[in-house]
Amino acid sequence: MKLRISVRNRTSDALLNSADFAVNSPQGLGLLRRNRRRMRKRLFAVAAAALVPAMGLLAYNELALRAAREAEVHAEAARAAQHAGSELDMVVEGARSLVIAVSAIAAVNDPQPDLCSTTVADVARPVQSIESILVLDVTGHVVCSTKGPRPDVSMADRDYFKEAIKGDDVAVGVYTLGRLSKTAVLPVARAMKHEGRITGVIVAGIKLAWLQERLSQRSLVAGGAYTIADREG
């Protein structure tokens, strides 16, 4: 005789009935779908919560890098401006030395217009930064120049002449268009004296085009440009 043993209990029956209910009934399928949606939402919330610190760190790093780059660009621009300012000071100082040296030349101190013009032209020719040299009398008229004698032309209205004729120091004017050269220049002027008496004014005009080209050869941050302003802005 063969015996068949079957073991069942209420718990297993309940589970089987529950599984059968979940699979086969509309209510069970709906419950299953709702559970899945809840699970997805929870997983999404967990994933989002995990990503928030990482995204915040990335944003912070990006802002920090941008701020560091801006600071670097500003520092580089400041260094370039400082170097350009130093070079401009050297050019102006060279023009100061030039007018002082020219004022000591006999042909300029006691000028014969033609000889004086030849002399200042010879002095200016090898100096690339200088556009012109003028020798003015005490009334501001051009006694001689690198462009030749021009007694009919007066510089009495120019600010550099008004400052230099006082005899205190070398005067640096504002950027202007040369009345003889028709070229943009930065004038540097100094009074000539004889036995303590002012006899005229010597003016050297620095070429702005040359100065611009000289400064443009310096490295500058991308998109940057030099702006050189006189005392009038």
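Numbered per my numbering, the sequence shown spans residues 15 to 247. Positions of the beta carbon are idealized from the N, C-alpha and C atoms, including for glycine. On a predicted model such as this, the values are computed, not experimentally measured, just so you know.
Measure the Cβ-Cβ separation of residue i and residue j and say whether it is below 8 Å.
i: V186; j: V149; result: no
i: G154; j: S131; result: no
i: G192; j: S143; result: no
i: R204; j: S117; result: yes
i: V184; j: R80; result: no
Can you tell me which of the options puts its alpha carbon nearest to the alpha carbon of residue i?
i: W224; options: V199, A218, P125, I114; result: V199
i: I216; options: V113, R51, M53, E101; result: V113
i: K196; options: E227, S100, K176, L222; result: L222
i: T160; options: V141, A170, K176; result: V141
i: A227; options: A120, L129, E101; result: Correcting the residue identity first, residue 227 is Glu in this sequence and not Ala. Out of A120, L129, E101, E101 has the C-alpha closest to the C-alpha of E227.
i: K207; options: S230, L194, K180; result: K180
i: L229; options: E76, M53, M104; result: M104
Please list the terminal residues of the continuous alpha helix (DSSP H) segment that includes residue i.
i: S168; result: It is not in any alpha helix (DSSP H) - S168 instead sits in the beta strand (DSSP E) that spans 164-168.
i: V184; result: Segment: none, V184 is in no alpha helix (DSSP H) and carries neither H nor E.
i: V122; result: 120-123
i: L222; result: 222-230
i: V141; result: Careful: V141 lies outside any alpha helix (DSSP H) and carries neither H nor E.
i: Y189; result: First-last for Y189: undefined, no H or E at that position.
Report the CB separation of residue i from residue j in whole angstroms; it is logged as a contact under 8 Å.
i: G214; j: E145; result: So it is not a contact: roughly 20 Å between Cβ atoms.
i: V134; j: I212; result: Contact flag wrong, Cβ pair sits at about 19 Å.
Between residue i and the rest of its own chain, which residues show a CB-CB distance below 8 Å, the 5 nearest in sequence each way excluded?
i: V106; result: V186, L200, V202, I220
Quick check on the DSSP output: the beta strand (DSSP E) that includes residue i runs from which residue to which?
i: P201; result: 198-208
Who are the Cβ neighbours of residue i in its own chain at under 7 Å, not counting the five residues just before and after it?
i: P127; result: V157, C158, P163
i: A170; result: T153, G154
Which same chain residues end up closer than 6 Å to residue i when comparing Cβ atoms and leaving out the 5 residues on each side of it in sequence?
i: G247; result: Residue confidence is low: G247 scores 48 on pLDDT, short of 50, so the model does not pin down where it sits. No coordinate-derived value is stated.
i: I147; result: V134, A138, T160, A218
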